[in-house]
Amino acid sequence: MGIGTLLASGVQGQAQTALQSLQQNRQNVEWADNFDIATENITEVNSSAPTLSPETADYIAIAIDRYQRIVQAGGWGTVTGGGKALRIGAKDPRVVELRRRLIVSGDLEQQAGLSDAFDSYVDAALRRFQLRHGLIPDGVMGDDTVQALNVPAHVRLGQLETNIVRMRSMSGFLGDRYVMVNIPAAEIEAVESGRVRSRHTAVVGKIDRQTPILNSKIYELNFNPYWTVPVSIIRKDLIPKMKEDPEYLSKNNIRIFDWSGNELAWQQIDWNTDEATQYRFTQDPGAENSLGSVRINFHNKHQVYLHDTPSKTLFGESQRFHSSGCVRVQNVRELVTWMLQSTTPDWDRSRVDSVIRTGEREDVKLKKSVPLYMTYVTAWANSDGVVHFRDDIYDRDDLSGTETQARL
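Residue numbers (UniProt numbering): 1 to 408.
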């Protein structure tokens, strides 16, 4: 939105503030030439190069050298938290702290100056920072963003040093096409011929129900799947929910069977004990099914899989650690279509949509399995020098970074 639009929309105060900022800084920056900087223009943050590329360790090494120099120079200052969240149009002494912090990390150019005005340059720089740290790129300096801004430079350097070891352990050939799940980033990449074909936001395991780190192969897809509730979830979730609401099973289309295939009524079970764990609980296909419309199977000993979900609002959160170990996939139809088109003849997006629309269970074995890497990477860099960080959600960065992928 330019100055004229601001005036026309009746927010004269914001326009006057922006105009004053333009006049004050004209010697340093040609503000009028490019006053609006959209998030879409921050193209280098989302590289088409995969996180696990053979060159990633080299990019991290370059980033380590840069962050060592930042640390040796005293790091970066903190940004004062609390108070009202700041956004474009604000004028506040904390914006000076924010500008200084973003300049040191390379998100804001030095010639932008140290004004206390939160202009479109600060907005774009903050969104870039948020994207690099897995935060919602809303350009708002709220509590989560302040917390990330205030992580010391030496801690970020330590993350890079830990993750270069991880990357070097996986620097070999990963396959012409593969799927990578980065657990701390809660993100999935579908990689083909060394380029990312698609990225998918994910929901991964809670801190106390962690998604396992492993290498495997995807071999089968289940459309409109039934869900057999794992014993651990029966114990931790289902029994407590039934105590609160005896109608929970019927509301969620979950049926109870003994191991001879006989169906039971919920009244036949003593919910004040662990008796329920002796039975099989199966959720029918449908809109409420916890696996959504597709389950993606791969060999593993943890009873986990990738799958769709009916709880799609969770994909909009910054902290997406809500599952019991499985990985929920946003835009799962795009991912399974890519897998089918590249491995199994006669499948395209229209056929995927058609099968799901029937609501009937259909299992498809891939003609050629797709390698899967479920990794734990909390810091990496790309060819443009953009450095990404994620929270060490499972506290694995202090394990000296020497852990390797579990080979199945």
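Backbone N, C-alpha and C define an ideal beta-carbon position, used for all residues, glycine too.
Is it buried or exposed, residue i, if we count other Cβ atoms within 10 angstroms and call 16 or more buried?
| i | result |
| --- | --- |
| residue 391 | buried |
| residue 397 | buried |
| residue 393 | buried |
| residue 155 | exposed |
| residue 207 | exposed |
| residue 26 | Reliability of the predicted coordinates at residue 26 is poor, the pLDDT of 36 falling under 50, and the value obtained from them is presented with this limitation in mind. Per the 10 Å Cβ criterion, exposed. |
| residue 289 | buried |
| residue 261 | exposed |
| residue 259 | exposed |
| residue 379 | buried |
| residue 24 | Low local confidence applies: a pLDDT of 42 at residue 24 is under 50, so the model's placement there is unreliable, with the coordinate-based value given in what follows. By the neighbour-count rule (16 or more Cβ atoms within 10 Å), residue 24 is not buried but exposed. |
| residue 320 | buried |
| residue 232 | exposed |
| residue 272 | exposed |
| residue 401 | Low confidence applies here, because residue 401 scores a pLDDT of 41, under 50, leaving its location unreliable; read the following figure in that light. The residue in question, residue 401, is buried, as its Cβ has 16 or more Cβ neighbours within 10 Å. |
| residue 313 | exposed |
| residue 230 | buried |
| residue 139 | buried |
| residue 339 | buried |
What whole-angstrom Cβ distance do residue i and residue j have, given they're in contact under 8 angstroms?
| i | j | result |
| --- | --- | --- |
| residue 343 | residue 366 | 5 angstroms |
| residue 77 | residue 101 | 6 angstroms |
| residue 412 | residue 373 | Shown here, the chain extends from 1 to 408; a query on residue 412 therefore has no answer. |
| residue 129 | residue 87 | Going by Cβ atoms, the distance from residue 129 to residue 87 rounds to 14 angstroms, so no, they are not a contact pair. |
| residue 218 | residue 153 | The Cβ separation is near 39 angstroms, so there is no contact. |
| residue 351 | residue 333 | Not confirmed; about 11 angstroms, so no contact. |
| residue 56 | residue 167 | 5 angstroms |
| residue 326 | residue 294 | That pair is no contact at about 12 angstroms. |
| residue 276 | residue 239 | 6 angstroms |
| residue 491 | residue 47 | Limits of the chain in this structure are 1 at one end and 408 at the other, which puts residue 491 out of reach. |
| residue 54 | residue 178 | In fact, because the Cβ distance is near 13 angstroms, the residues do not count as touching under 8 angstroms. |
| residue 389 | residue 132 | 7 angstroms |
| residue 114 | residue 99 | 5 angstroms |
Rank the options by C-alpha distance to the C-alpha of residue i and give the top, closest one.
| i | options | result |
| --- | --- | --- |
| residue 317 | 135, 258, 214 | 135 |
| residue 104 | 89, 72, 117, 61 | 72 |
| residue 74 | 247, 129, 157, 112 | 157 |
| residue 359 | 304, 386, 223 | 223 |
| residue 188 | 118, 204, 174 | 204 |
| residue 308 | 348, 321, 168, 291 | 291 |
| residue 122 | 96, 147, 146 | 96 |
| residue 247 | 257, 265, 236 | 265 |
| residue 286 | 110, 193, 252, 57 | 252 |
| residue 62 | 164, 127, 124 | 164 |
| residue 195 | 159, 353, 90, 174 | 174 |
| residue 125 | 107, 81, 131 | 107 |
| residue 184 | 384, 255, 376, 212 | 376 |
| residue 176 | 50, 284, 159 | 50 |
| residue 256 | 228, 144, 340 | 228 |
| residue 150 | 79, 215, 192 | 79 |
| residue 182 | 116, 330, 52, 313 | 52 |
| residue 64 | 139, 159, 91 | 159 |
| residue 216 | 209, 127, 306 | 306 |
| residue 169 | 58, 369, 363, 361 | 58 |
| residue 274 | 213, 386, 363, 235 | 235 |
| residue 331 | 298, 362, 99, 200 | 200 |
| residue 143 | 99, 369, 85 | 85 |
| residue 346 | 243, 250, 364, 68 | 364 |
May I ask which residues mark the beginning and end of the alpha helix (DSSP H) holding residue i?
| i | result |
| --- | --- |
| residue 339 | 332-343 |
| residue 101 | 93-104 |
| residue 165 | 153-169 |
| residue 354 | 349-358 |
| residue 250 | 248-251 |
| residue 244 | 239-244 |
Starting from residue i and walking both ways along the beta strand (DSSP E), at which residues does that stretch end?
| i | result |
| --- | --- |
| residue 181 | 177-182 |
| residue 363 | 362-375 |
| residue 214 | 214-223 |
| residue 191 | 187-192 |
| residue 323 | 321-323 |
| residue 71 | First-last for residue 71: 56-72, but that is the alpha helix (DSSP H), not the beta strand (DSSP E). |
| residue 254 | 254-257 |
| residue 327 | 327-329 |
| residue 201 | 195-205 |
| residue 173 | That residue, residue 173, is in no beta strand (DSSP E); it is neither H nor E in DSSP. |
Check your understanding: Could you give the uninterrupted runs of the alpha helix (DSSP H) lying entirely in the region 111-149, keeping only those of 4 residues or more?
Key -> 120-132, 143-149
Practice item. Ignoring anything shorter than 3 residues or poking outside the region 271-319, list the beta strand (DSSP E) runs there in chain order. Key: 280-283, 294-298
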